[in-house]
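Structure, as structure tokens:
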């Protein structure tokens with residue numbers, strides 16, 4: 003399974019992303035809000051690895067000293083997934099601070115085997131929907147306000163343990 007370290011937005015930004023999920027739902031489209039588990043929340047994946055030893059968490063804590071971090075989300079990204087359809091996401095504007103944070107977390111995790119994390123390969127985003135077919139993408143692109151900018155703050159980092167299906171906030175300031 004996958005282990006990941008993810009940047010969590012402030013409550014207002016999270017609520018606005020969830021509203022975008024609802025816009026997709028109102029149009030009859032699949033969206034990330036359909037997964038109703040407590041661990042499902044808007045996030046920006048900073049690093050992933052097949053495993054993440056517990057002794058790496060101190061390094062991750064040191065890597066995230068710069069939080070909180072200003073964020074701007076806006077514009078849509080499409081990631082093709084072959085027969086699995088398309089992932090639609092909100093782009094996250096790249097800043098020097100965000101790149102520094104991601105690189106520090108990536109180094110702390112210490113495992114790039116799963117790819118898309120090294121400098122020049124990482125595309126920061128917040129997922130809106132998965133497995134969209136071309137017709138559904140066309141409908142989504144017509145939804146007013148779906149791609150509008152969101153100004154927010156990255157306030158905490160969590161670790162997602164895909165084996166145990168558990169998440170844990172590593173840094174505070176995030177309401178549960």
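Residue numbers (the working numbering): 3 to 178. Think of the CB as a built atom: it goes at the ideal place given N, C-alpha and C, for glycine as much as any other residue. What you are looking at is a predicted structure, and each value in this text was computed from that prediction instead of being measured.
>> Using the three-state DSSP reduction, which class does residue 5 fall into: helix, strand or coil?
In response: Residue state, collapsed to three classes: strand.
> When the Cα of residue 52 is compared with those of 65, 117, 76 and 24, which residue comes out closest?
Replying inline: 117
> Could one say the Cβ of residue 19 lies closer than 8 Å to chain D's Cβ atoms, at least one of them?
Replying inline: Of the chains in the structure shown, none is chain D; there is only one protein chain.
> Tell me which same chain residues have a C-beta within less than 6 Å of the C-beta of residue 169, skipping the five on either side of it?
Replying inline: 41, 160 and 162
> What is the rounded straight-line gap between the Cα of residue 84 and the Cα of residue 137?
Replying inline: 15 Å
>> Short of 7 Å in beta carbon distance, which residues of its chain neighbour residue 27, apart from the five on each side in sequence? Order them along the chain.
In response: Excluding residues within five positions, the ones whose Cβ falls inside 7 Å are 33 and 35.
> Skipping 5 residues on each side, what residues in its chain have a beta carbon closer than 6 Å to that of residue 171?
Replying inline: 158 and 160
>> In this structure, how does DSSP classify residue 106 when only helix, strand and coil are distinguished?
In response: helix
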